[in-house]
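In the numbering used here, the protein residues as written are 88 to 346.
Pasting the structure below:
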């Protein structure tokens with residue numbers, strides 16, 4: 088595996104499954120030298136993701152998010168911050184916009200914050216987003232359906248992905264469960280990768296809508312590099328090093344006002 092980003096993600100996944108691994112085991116599994124693995128582990132250690140041992144590495148507890156996801160539980164956490172972030176994201180909407188709204192608890196607050204007088208065309212694939220947008224008579228709604236995942240209220244199907252691929256939007260509002268400088272933008276559920284990738288391909292402005300707890304967090308399913316994002320909407324708790332990194336990439340950073 089020659090791509091460093093892919094190797095780092097693979098190392099994290101292996102350590103998630105096994106908690107610890109030797110240099111030889113990681114090198115054999117990823118088809119690279121032990122020296123390459125040690126360099127990769129040192130990078131992960133700099134972010135406190137792993138602890139490097141003489142002959143291998145262990146995963147630092149709490150450094151990588153849990154693989155379990157519940158939209159209900161996520162919506163109950165940092166509720167006021169997410170409401171403010173959703174309202175800040177909604178302030179970016181303009182009359183006549185064609186938009187995509189990803190599934191998630193923070194993007195739900197974006198949908199709740201759409202002004203009743205704003206005429207929009209909206210594509211979505213999550214039940215909670217569908218319900219909120221449907222309440223607005225001025226919004227034209229398109230829905231990419233499929234099989235429902237109860238934990239996230241996301242519908243999944245190849246036909247839904249194909250619909251997004253054929254769609255073109257001014258703005259895509261994307262959710263994420265992790266944002267890492269080295270490992271990119273990640274989510275918990277692998278079944279969401281294709282809809283997120285299709286949204287990025289189909290949109291002019293790719294807007295990441297996340298609360299500050301997601302920065303420095305890694306989840307198993309990679310779907311984008313930060314450089315593919317054009318705008319980030321978050322709260323004032325974003326670590327200063329991430330704010331600086333985002334701006335250095337030419338990404339517009341919007342900080343939601345605190346209540």
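Heads up, the beta-carbon is just placed ideally off N, CA and C, and yes, glycines get one too.
Everything numeric in this text was worked out from a predicted model, so none of it was measured.
**Request:** Let me know the secondary structure DSSP gives residue 257 once reduced to three states.
**Result:** strand
**Prompt:** Which of the three DSSP states, helix, strand or coil, is assigned to residue 141?
**Reply:** coil
**Straight-line Cα distance separating residue 253 from residue 340** = 29 Å
**Request:** Between the Cα of residue 130 and those of 147, 95, 109 and 118, spot the shortest distance and give me the residue it belongs to.
**Result:** 95
**Asked** What are the start and end residues of the alpha helix (DSSP H) that includes residue 193?
**Response** 192-199
**Request:** Using a threshold of 8 Å, state whether the C-beta atoms of residue 139 and residue 102 are closer than that.
**Result:** no
**Asked** Are the stretch 239-249 and the stretch 273-291 touching, with three or more C-beta to C-beta distances below 8 Å?
**Response** yes
**Message:** Rounded to whole angstroms, what is the Cα-Cα separation between residue 338 and residue 298?
**Reply:** 16 Å
**Message:** For a quick check, are the C-beta atoms of residue 273 and residue 308 less than 8 Å apart?
**Reply:** yes
**Asked** If you drop the 5 nearest sequence neighbours on each side, which residues of the same chain put their C-beta closer than 6 Å to that of residue 220?
**Response** 198, 209, 226 and 228
**Prompt:** Where do the ends of the beta strand (DSSP E) carrying residue 277 lie?
**Reply:** No beta strand (DSSP E) contains residue 277, which DSSP labels as neither H nor E.
**Asked** In this structure, what does DSSP give as the bridge partners for residue 337?
**Response** Beta-bridge pairing links residue 337 to no other residue.
**Asked** CA-CA distance, residue 343 and residue 177?
**Response** 11 Å
**Prompt:** Anyone know if the C-beta pair for residue 262 and residue 304 falls short of 8 Å?
**Reply:** no
**Message:** Considering just the uninterrupted stretch of the beta strand (DSSP E) at residue 297, what are its terminal residues?
**Reply:** Residue 297 -> no beta strand (DSSP E), and no H or E assigned at all.
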